[in-house]
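To start, the structure itself, in structure tokens.
Residue numbers (the numbering used here): 517 to 919.
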């Protein structure tokens with residue numbers, strides 16, 4: 517028999533017992549759907565985390581101050597006063613540094629009219645928007661003149677603007693930070709959150725203004741460095757480490773009083789962990805494919821038993837063992853393929869819904885679908901061969917006598 521005739525015969529047999537065929541395919545449907553959905557969700561989560569890290573800045577190195585120690589208690593990194601504005605100025609001179617922004621943070625009550633909120637106040641310079649990938653929605657950003665002169669000007673994030681009831685028409689008006697008037701010069705485009713922190717609930721002012729009005733110190737909590745190219749990340753990181761150790765007079769063999777976080781390493785770590793989790797989830801989901809294969813084998817064995825007399829008649833009129841083998845094997849493959857296609861459809865639908873709800877969008881990888889369908893075909897072959905061989909080996913005389 518030709519392949520088309522075998523497929524037509526298999527479809528007619530499955531149509532004759534639709535409910536049994538559907539229940540048999542259920543394991544394959546669930547298995548393939550789970551693999552496609554879980555892999556897509558894993559890839560979407562990876563893309564979402566990577567996008568959040570990328571939103572923090574392009575080719576970003578973050579230099580954080582060291583940890584302070586009080587008695588026997590060690591504080592968190594950034595709690596010491598080991599980085600200064602002069603350190604930032606020295607780092608800005610390194611080859612490969614495209615932009616640099618020192619950051620001196622505090623929190624204060626911000627008011628606008630009758631609205632108020634306690635917001636994060638970040639003192640920085642005119643390069644902060646470039647380093648941290650911020651875009652101005654209305655107005656303008658901090659400039660070199662306002663930073664050098666310590667002017668009382670402020671740029672606010674989109675969440676802060678919403679909480680204070682401020683819009684485009686309010687640019688140029690005054691807001692108060694800890695009771696001190698600052699002119700609102702710009703409102704930023706929304707960026708979303710990074711972990712538990714919002715990138716949009718923020719007030720940016722010149723670092724010189726923070727030093728003058730809120731925190732009379734020359735130290736900074738962190739220094740954000742945007743490297744010109746990704747290829748220069750390691751070189752700039754090494755140069756920054758050497759420069760700071762020299763400036764802080766750290767002896768050879770002694771620990772650094774600062775840390776440098778490398779965005780590229782974070783992205784690699786996220787990709788590695790996400791890939792392992794995706795493989796693990798896909799492996800767990802594949803167990804249901806094996807269960808579905810066992811179901812196919814069980815039903816095909818029952819089918820061989822039910823159709824023993826039919827097999828005997830076919831052999832008596834000239835059907836060869838390989839014809840019977842091909843017939844039952846194609847039936848098992850047909851069950852697997854149809855179940856696999858339905859599973860792919862359901863898996864894609866679930867991943868679309870999850871992607872929309874989670875906010876990372878629809879992540880579709882054709883290779884995942886091909887692998888899932890290929891695996892379902894393999895299941896059909898592996899678990900369909902034995903029943904097909906059982907049918908092919910039946911003695912026609914015995915089969916004709918079977919009741």
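Ideal Cβ positions, reconstructed from N, Cα and C, are used throughout, including at glycine.
Roughly how many angstroms lie between the CA atoms of residue 523 and residue 854, to the nearest whole one?
Approximately 12 Å between the Cα atoms of the pair.
With a Cβ-Cβ cutoff of 8 Å, do residue 613 and residue 642 count as a contact?
Not closer than 8 Å, so no.
Selected residue, minimal CA-CA separation from residue 689, among 680, 695, 699
Answer by Cα proximity: 699.
Ranges of the alpha helix (DSSP H) found wholly within the region 856 to 913, counting only runs of at least 4:
When DSSP assignments are scanned along the region 856 to 913, the uninterrupted stretches of alpha helix (DSSP H) that are 4 or more residues long and fall wholly within it turn out to be 882 to 908.
By the three-class DSSP mapping on this structure, what secondary structure does residue 580 have?
Here residue 580 sits in strand by DSSP.
Pick from 753, 892, 650 that is closest to residue 776, judged by C-alpha positions
Among 753, 892, 650, the Cα nearest to that of residue 776 is on 753.
Taking the alpha-carbon positions, what's the residue 790 to residue 865 distance?
A direct Cα-Cα distance of roughly 22 Å separates residue 790 from residue 865.
Looking at C-alpha atoms only, which residue of 836, 634, 801 is the closest neighbour of residue 694?
Nearest C-alpha to residue 694: 634.
With distances taken from CA atoms, which of 678, 707, 685, 723 is nearest residue 670?
Selection 678, 707, 685, 723 evaluated against residue 670 yields 723 as nearest (Cα-Cα).
Within 10 Å of its beta-carbon, does residue 872 have 16 or more other beta-carbons around it, so buried, or fewer, so exposed?
It is exposed - the Cβ of residue 872 has fewer than 16 other Cβ atoms within 10 Å.
Can you list the alpha helix (DSSP H) stretches of 4 or more residues lying completely in the region 518 to 553, in chain order?
519 to 532, all fully within the region 518 to 553.
Give me the Cα-Cα distance between residue 586 and residue 743, rounded to the nearest whole angstrom.
A caution first: residue 586 carries a pLDDT of 43, below 50, which makes its placement in the model too unreliable to give a value.
Identify the continuous beta strand (DSSP E) that holds residue 632 and give its terminal residues.
Where residue 632 is concerned, the enclosing beta strand (DSSP E) stretches over 631 to 640.
Could you please give the first and the last residue of the uninterrupted beta strand (DSSP E) stretch that includes residue 762?
No beta strand (DSSP E) holds residue 762; the alpha helix (DSSP H) holding it covers 749 to 763.
Indicate the three-state DSSP secondary structure (helix, strand or coil) for residue 686 in the structure shown.
Residue 686 sits in a helix when the DSSP states are folded into three classes.
Within 8 Å, do at least three Cβ pairs link the region 723 to 742 to the region 548 to 566?
Between the region 548 to 566 and the region 723 to 742 there are fewer than three C-beta pairs closer than 8 Å, too few to call the two in contact.
Which listed residue (859, 844, 886, 887) has its alpha carbon closest to that of residue 901:
For residue 901, the closest C-alpha among the options 859, 844, 886, 887 is that of 844.
Complete beta strand (DSSP E) runs within the region 650 to 694 (minimum length 3 residues, chain order)
If only uninterrupted beta strand (DSSP E) runs of at least 3 residues are considered, those enclosed by the region 650 to 694 are 652 to 655, 669 to 672, 690 to 693.
How is the beta strand (DSSP E) around residue 608 delimited, first residue to last?
No beta strand (DSSP E) holds residue 608; DSSP gives it neither H nor E.
Please report the residue range of the beta strand (DSSP E) in which residue 723 lies.
Residue 723: not part of any beta strand (DSSP E); member of the alpha helix (DSSP H) spanning 723 to 729, first to last residue.
Applying the criterion that 16 or more other CB atoms from any shown protein chain within 10 Å of the CB defines a buried residue, is residue 559 buried or exposed?
It counts as buried.
Answer yes or no: do residue 804 and residue 856 have a C-beta to C-beta separation smaller than 8 Å?
Not closer than 8 Å, so no.
Selected residue, minimal CA-CA separation from residue 608, among 678, 741, 655
Among 678, 741, 655, the Cα nearest to that of residue 608 is on 741.
Buried versus exposed, by CB contacts within 10 Å (16 or more), residue 651
In summary, residue 651 is exposed, with fewer than 16 beta-carbon neighbours lying within 10 Å of its beta-carbon over all protein chains present.
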